[in-house]
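Notes follow once the structure below has been shown.
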Amino acid sequence: MQAYANPARFNALALSVLPWCAGITVLLFAVGLYYSLVVAPQDYQQGETVRIMFIHVPAAWMALACYSVMALASAVAIIWRHPLADVAAKTAAPIGACFTFLALFTGSLWGKPMWGTWWVWDARLTSVFVLFLLYLGYIAIWQAIEEPARAARLAAIVALVGFINVPIIKYSVEWWNSLHQPASVLRADGPAIHSSILTPLLIMAGAYTMLFLTLHLIAMRTEIMKRRIHNMEQAEVQG
Amino acid sequence: MSFTAPHVGFVLVSYGFSTLVLCGLTAIVLWQARSAANRLKDLEARAVRRRKPAKPVNPA
Chain A
86 MQAYANPARF NALALSVLPW CAGITVLLFA VGLYYSLVVA PQDYQQGETV
136 RIMFIHVPAA WMALACYSVM ALASAVAIIW RHPLADVAAK TAAPIGACFT
186 FLALFTGSLW GKPMWGTWWV WDARLTSVFV LFLLYLGYIA IWQAIEEPAR
236 AARLAAIVAL VGFINVPIIK YSVEWWNSLH QPASVLRADG PAIHSSILTP
286 LLIMAGAYTM LFLTLHLIAM RTEIMKRRIH NMEQAEVQG
Chain Z
4 MSFTAPHVGF VLVSYGFSTL VLCGLTAIVL WQARSAANRL KDLEARAVRR
54 RKPAKPVNPA
C-alpha cells in the first residue's frame, strides 16, 4: 500500500485500471437495468414501485460507503500523513453527496405511494439527511479555507467526528420506531428477500460501487494535477 | 414492467432523475479532468520554453 503513496505511481496504476473499471461499470449498469426493469417481477404488495428499491438501496449503501472511505482516508491523513489520503477523502465527498441526495430523493418517491407521505422526520430519514448535511459541510470547508494543509486537517476532523452518524443510520431502524423497514439484505441470518428481487439489487449495487470507484480514481488524478498546477503557478509568480 | 400499473410514474421519475444526476456527475468529473490536464500541459510547455538556454549573440 505504501508503494502507491507516491502520486506518480498512483497515477500510473489508476491509468491502467480505469478502462477496466469503466467497462465493468457500463456492463453492470446494462445488465442491472435490464434485470431491474424487465426481468424482476412486481411485488405482490408494492406492485411496480418495488423497482425503486433497485436504485434507492444501492444509492443509500454508497452514501454510507463513500462516507466510510472519507473517514478512513481522513484517519490515515491525520495519523500517517499519507500523501494521497486527503486527496482520497476530498474527492470522495462530492460523489458521496450525490449518492446521498439520490437516496433521499428516490426514498421520498418510494415513500409517497407506500407510506402516503413524501417525508417524515423519523430516525432513519433524519439521520440520512444529517449525513447529507455532513457531506455539504465537509465540501464547504475545502471551499472556504484557502490554505490546503489547514483545510485538510479541519475537514479530516469533521469527517471523523461525523462518522458517528454511520452506525446510527445503520441501526436507527432497530433502535427507534421508524416507518422505514428494517434491514432485509445485510442481516446476521442472511437476506430476507426472494432471489428474483435480490439478484437485480446486487447487480445494481455492483454497478453503483464500480461507478464510485471509476469516478473516484478520475477525481483523485484530477486533484493531483490541480495541486501540481497550483505549485507551478506559485513558482511562476515567484519568478 | 407494466406502464399501466398504479404509481408507475414514481418509478419512471426515480430512474429518470437518477440517470440525470449520475450522468451529470460523470460529465462534471470528466470535464474537470480534461481541463486540468490541458492546463497542466500548457504550464509544462511554458516551463520547458523558459528552461531552454538563449542562443549566444554573435558580437561580430
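Protein sequences appear in the order of chains A and Z.
Per my numbering, the first sequence starts with residue 86, numbered consecutively.
Per my numbering, the second sequence starts with residue 4, numbered consecutively.
We put the CB at the ideal spot given by N, CA and C, even for glycine.
All values derive from a computational prediction rather than experimental measurement.
When only Cα atoms are considered, Z/T7 and A/A125 end up about 17 Å apart. Residue burial is scored here from C-beta neighbours: A/P252 has fewer than 16 other C-beta atoms within 10 angstroms and is therefore classed as exposed.
According to the DSSP assignment, A/E318 belongs to the alpha helix (DSSP H) that extends over S280 to Q323. Its Cα nearest to that of A/I226, the residue A/K175 stands out among A/T211, A/K175 and A/S193.
The segment 107–127 of chain A and the segment 272–286 of chain A touch, with no fewer than 3 CB-CB distances between them shorter than 8 Å. Less than 8 Å separates the beta-carbon of A/L216 from that of A/N250. Pairing A/E231 with A/H315, the inter-Cα distance amounts to about 12 Å.
In the DSSP assignment, A/G132 forms a beta bridge with A/D128. Per DSSP, reduced to three states, the secondary structure at Z/T22 is helical. The beta-carbon distance between A/R209 and A/V258, rounded to whole angstroms, is 5 Å. This is short enough to meet the 8 Å contact definition. Judged by their CB atoms, A/E308 and A/V161 are not nearer to each other than the 8 Å cut-off.
Within the segment 39–50 of chain Z, the residues whose Cβ lies closer than 9 Å to some Cβ of chain A are A39, A40, R42, L43, L46, E47, R49 and A50, listed in chain order.
Exposure of A/V322 is indicated by the presence of fewer than 16 other C-beta atoms within 10 angstroms of its C-beta. Inter-residue distance for A/Q266 and A/M147 is about 18 Å (C-alpha atoms, whole angstroms). Interface with chain A (8 Å Cβ-Cβ cutoff): Z/A36 is included. The C-beta distance from Z/V11 to Z/S17 rounds to 11 Å, too long to meet the 8 Å contact threshold. Each of A/V213, A/L302 and A/L187 was checked against the Cα of A/S101, and the nearest Cα belongs to A/L302.
A straight-line Cα-Cα distance of about 6 Å links A/S263 and A/D207. Burial check for A/E133: the Cβ neighbour count within 10 Å reaches 16 or more, so the residue is buried.
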